[in-house]
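The listed protein sequences derive, respectively, from chains S and E. In terms of my numbering, the first sequence has 80 at position 80, counting the first letter as 1, and numbering is strictly consecutive. One gets my numbering by counting positions in the second sequence from 1 and adding 398 to each. Here the structure is laid out as structure tokens; the discussion comes afterwards.
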Amino acid sequence: MKAVCWMGVEKMSVENVPDPQILNPRDAIVRITSTAICGSDLHLYNGFVPTMEQGDILGHEFMGEVVEVGPSVNGDKLKVGDRVVVPFTIACGRCFFCEQQLWSCCDNSNPNYWIAEQMMGYSPSGLFGYTHMLGGYSGGQAQFARVPFADIGPLKIPDGVPDDKVVFLSDIFPTGYMAAENCNIRPGDTIAIWGCGPVGQFAIRSCFMLGAERVIAIDHVPERLQMAQEGGAEAINFDEADDVVALLKELTGNIGPDACIDAVGMEADGHGLPYLYDRAKQMMRISMDRPLVLRQAIMACRKGGTISVPGVYGGFLDKIPFGQYMNKGITMKTGQTHMMRYMKPLLDRVQRGEIDPSFVISHRVPIDKAPEMYKTFRDKQDHCTKVVLDPWANVAQA
Amino acid sequence: MGRRNAGVRDARSDAKRLGALITGGSIALYGLSRRSRGGIALAAAGGWLAYSGAKENIPSEMIAHSSMIINASQQEVYRFWRDFENLPRFMNHLENVKVTGERRSRWIALGPLGTRIAWDAEIISERATEEIKWRSLPGSDLEVDGVVRFRPATGNRGTLIEVISVVIPPAGELGRAVAKVFGKDPSFMMRQDLRRLKALIEAGEIPTVEGQTHGPRSAKVAALRVLDPDHPVRVGGANIKDVLTAKRRIA
Numbered sequence: 001m002k003a004v005c006w007m008g009v010e011k012m013s014v015e016n017v018p019d020p021q022i023l024n025p026r027d028a029i030v031r032i033t034s035t036a037i038c039g040s041d042l043h044l045y046n047g048f049v050p051t052m053e054q055g056d057i058l059g060h061e062f063m064g065e066v067v068e069v070g071p072s073v074n075g076d077k078l079k080v081g082d083r084v085v086v087p088f089t090i091a092c093g094r095c096f097f098c099e100q101q102l103w104s105c106c107d108n109s110n111p112n113y114w115i116a117e118q119m120m121g122y123s124p125s126g127l128f129g130y131t132h133m134l135g136g137y138s139g140g141q142a143q144f145a146r147v148p149f150a151d152i153g154p155l156k157i158p159d160g161v162p163d164d165k166v167v168f169l170s171d172i173f174p175t176g177y178m179a180a181e182n183c184n185i186r187p188g189d190t191i192a193i194w195g196c197g198p199v200g201q202f203a204i205r206s207c208f209m210l211g212a213e214r215v216i217a218i219d220h221v222p223e224r225l226q227m228a229q230e231g232g233a234e235a236i237n238f239d240e241a242d243d244v245v246a247l248l249k250e251l252t253g254n255i256g257p258d259a260c261i262d263a264v265g266m267e268a269d270g271h272g273l274p275y276l277y278d279r280a281k282q283m284m285r286i287s288m289d290r291p292l293v294l295r296q297a298i299m300a301c302r303k304g305g306t307i308s309v310p311g312v313y314g315g316f317l318d319k320i321p322f323g324q325y326m327n328k329g330i331t332m333k334t335g336q337t338h339m340m341r342y343m344k345p346l347l348d349r350v351q352r353g354e355i356d357p358s359f360v361i362s363h364r365v366p367i368d369k370a371p372e373m374y375k376t377f378r379d380k381q382d383h384c385t386k387v388v389l390d391p392w393a394n395v396a397q398a
Numbered sequence: 399m400g401r402r403n404a405g406v407r408d409a410r411s412d413a414k415r416l417g418a419l420i421t422g423g424s425i426a427l428y429g430l431s432r433r434s435r436g437g438i439a440l441a442a443a444g445g446w447l448a449y450s451g452a453k454e455n456i457p458s459e460m461i462a463h464s465s466m467i468i469n470a471s472q473q474e475v476y477r478f479w480r481d482f483e484n485l486p487r488f489m490n491h492l493e494n495v496k497v498t499g500e501r502r503s504r505w506i507a508l509g510p511l512g513t514r515i516a517w518d519a520e521i522i523s524e525r526a527t528e529e530i531k532w533r534s535l536p537g538s539d540l541e542v543d544g545v546v547r548f549r550p551a552t553g554n555r556g557t558l559i560e561v562i563s564v565v566i567p568p569a570g571e572l573g574r575a576v577a578k579v580f581g582k583d584p585s586f587m588m589r590q591d592l593r594r595l596k597a598l599i600e601a602g603e604i605p606t607v608e609g610q611t612h613g614p615r616s617a618k619v620a621a622l623r624v625l626d627p628d629h630p631v632r633v634g635g636a637n638i639k640d641v642l643t644a645k646r647r648i649a
């Protein structure tokens, strides 16, 4: 089958690899019909996350049809022929964390738990197509994928709902929604969101769904800011603002936003000395992260407010204004998305016509074009906001 | 007192050994990544240095101690462990355990390059659902004292299992093989074993990526895979071919 492989930093390649096989009794094999490139794949593309290995198959936003199930897969939950969206986190469904609905903290899905344990103390759940620290599972930017614990994660999709409307239930829509839910929004709240990539876009719309009155979106890519405005947000272009924190205070009558969402994470862009300092440290591999946004969020957030961090971070952060954080009594909520909490309710919203997630798609291309699309997406060229790959398209047609 | 002195001596030669191991290992990896005749020679030289680093010193005893909360009843976890034939399913270094009598069992562990280390163990005391103690019998390749305890975890979260095992290796080459099996950090290995036990009981299977499909690997990645302390390369007999094909075999 065809698969998008990480062959080194900024080196992606579509390779012919063996088809996946059932390895464990609760596995299933899915024939993939749609798969996407995620912003978090770009952290791997840029080489900022350790424990990648040449030959890893990337991709954690995919859907398709079940073509094979292992002997222990619960037949009431999943069977051959089902059309499913596969969540990017892998969860066993039976451990303490799964029972608490903390699906992305599953204790039993990372075969390389010890690596994460050495690096972070504990391990979150395994992920598709990510680092070996998080399991090293071959991902879904391919024609087929092996899905462990298949009777827990995959969500059945009724016929008639097109792929474009549901494929993002695999990650970015629930991730944006959980980011909003983590803000503890009360009616009338004002939320500031850094990062208007796909997760930020879904976070904007989810904030309004949950009762926010104002959403202020911060980015510097014009088409993303425009998309944010189309979603009802006010836009701040940080290239044009002298001081984002001061501006946010002004915009909120010197109170500050009730909640702040960092939908950027470890590779924040910005200006000035702190940004250059972060950048230099990252280049010298002293630090994995450029926590510019998190610093601004802490400084801007109102007293007693909430910060929600869906953006991906790698390790130890530098120059975090923790005194301000403490004295203002801010609450922070983070985490990889507890996917299975949100997939079904959000599918219902899609089916009721409350939202059509396909609005984020800017590019639909055959899988063979994936390597160049990584670059386009990373460099935000060609108005690229979200790339969906067709694993089966004939290149000649495209 | 004698042991404490031995500890100081251990620490010094440990540093020397670790140096040889790291330098040798790095040279070997660099050599492998060159993919040339010179590179292979370099890899071999590095490998020898690493081997000699690993070779010195046999610890006088190896203590493994770890615990884990398993989301299952005390009865269930106890029963699973009490059938010693289940142990190789989650203890990676064990090839086989055979129950040979009411209280006796024969254990076989995999040593470096397909060597086998065997011992007979006897349950010396047990309290159903609470504790099992066992000890190796004379004539074994090593001496081992083990105890496993089960008690209810707080908050109705299942069972807290705690294992302590003390292994005393014999002298000579065999002792070196034993030291290799139980690793530089026996408690680390025990913790990974208990994690696999937890997954097996809770989820019904141990998560794995071994044997999964993937793109072309580099020689460096293949070497790292072979050296992975948590995934000992299981070589049937002394079949070196298996080691060499590990690149394709292991994810």
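By construction, the Cβ of each residue, glycine as well, lies at the ideal position given by its N, Cα and C atoms.
Query                                                                                                                 : Result
Alpha helix (DSSP H) runs wholly inside the region 508 to 539 of chain E, at least 4 long, in chain order             : none
Continuous alpha helix (DSSP H) stretch holding P584 (chain E): start and end                                         : 584 to 601
Beta carbon of I320 (chain S) nearer than 8 Å to that of C260 (chain S)                                               : no
Per-residue DSSP class, three states only, for P274 (chain S)                                                         : helix
8 Å Cβ cutoff, G650 (chain E) in contact with chain S                                                                 : The structure shown does not extend to residue 650 (chain E), since chain E spans only 399 to 649, so no value can be given for it.
Rounded straight-line distance, which links the Cα of P198 (chain S) to that of E65 (chain S)                         : 25 Å
Complete beta strand (DSSP E) runs within the region 11 to 90 of chain S (minimum length 3 residues, chain order)     : 11 to 16, 28 to 37, 61 to 69, 83 to 86
Min CB distance E474 (chain E) to chain S below 8 Å                                                                   : no
Closer than 8 Å to chain S by CB, R502 (chain E)                                                                      : no
Buried or exposed (CB count within 10 angstroms, at least 16 for buried), I236 (chain S)                              : buried
Under 8 Å between C-beta atoms of F88 (chain S) and M339 (chain S)                                                    : yes
Rounded separation between V475 (chain E) and I467 (chain E) - CA only                                                : 10 Å
Alpha carbon of Q351 (chain S) to alpha carbon of V161 (chain S), nearest angstrom                                    : 8 Å
Proximal residues to H383 (chain S) (C-beta, below 8 Å), its chain only, five neighbours per side dropped             : E223, S362
Beta-carbon proximity check, G61 (chain S) vs G613 (chain E), cutoff 8 Å                                              : The sequence given here places Glu at residue 61 (chain S); Gly does not occur at that position. No.
Proximal residues to N403 (chain E) (C-beta, below 8 Å), its chain only, five neighbours per side dropped             : In this predicted model, N403 (chain E) has a pLDDT of only 40, less than 50, meaning its place in the structure is not dependable; the value taken from the coordinates is given anyway. If we look at N403 (chain E) and ignore the five residues flanking it on each side, it has no Cβ neighbours.
Reference D56 (chain S), options S:Y137, S:D163, S:K303, closest by Cα                                                : S:Y137
Every unbroken alpha helix (DSSP H) inside the region 170 to 227 of chain S [4 residues or more]                      : 172 to 181, 198 to 209
Contact belief for V143 (chain S) with P391 (chain S) at Cβ below 8 Å, rounded distance in angstroms                  : Correcting the residue identity first, residue 143 (chain S) is Gln in this sequence and not Val. Their Cβ separation, rounded to whole angstroms, is 4 Å, which keeps Q143 (chain S) and P391 (chain S) in contact under 8 Å.
Separation of C301 (chain S) from G256 (chain S), as counted between CA atoms                                         : 5 Å
Nearest-angstrom Cα separation, counted from Q229 (chain S) out to V94 (chain S)                                      : Sequence check: residue 94 (chain S) is Arg here, not Val. Approximately 42 Å between the Cα atoms of the pair.
Partners in chain S for K596 (chain E), counting only beta-carbon separations shorter than 9 Å                        : C95, D107, N108
C-alpha distance - G305 (chain S) paired with P510 (chain E), whole-angstrom precision                                : 57 Å
Per-residue burial, I298 (chain S) [other beta carbons within 10 Å of its own, 16 or more giving buried]              : buried
Simplified DSSP assignment, three categories, for V475 (chain E)                                                      : helix
Cβ of N24 (chain S) within 8 Å of any chain E Cβ                                                                      : yes
C-alpha gap between K281 (chain S) and E560 (chain E), whole angstroms                                                : 43 Å
C-beta neighbour in chain S for A644 (chain E), strict 8 Å                                                            : Note that A644 (chain E) scores 46 on pLDDT, short of 50, meaning its location in the model is unreliable and no value can be drawn from it.
Reduced DSSP secondary structure (H/G/I, E/B, other) of H383 (chain S)                                                : coil
Cβ contact check for the region 562 to 576 of chain E and the region 526 to 545 of chain E: 3 or more pairs under 8 Å : yes
Given N182 (chain S) as reference, the closest of S:E250, S:A212, S:C98, S:D163 once Cα atoms are compared            : S:A212
Pairwise C-alpha distance: E493 (chain E) and K639 (chain E)                                                          : Note that K639 (chain E) scores a pLDDT of 49, beneath 50, so its modelled location is shaky; the value from the coordinates is reported in the next line. About 19 Å.
V17 (chain S) to T334 (chain S) span [Cα, whole Å]                                                                    : 36 Å
7 Å Cβ shell around L248 (chain S) - same chain, five flanking residues per side excluded                             : A192, I216, G256, P257, A300
6 Å CB neighbourhood of A268 (chain S) in its chain, flanking five on each side removed                               : R290, L292, V293
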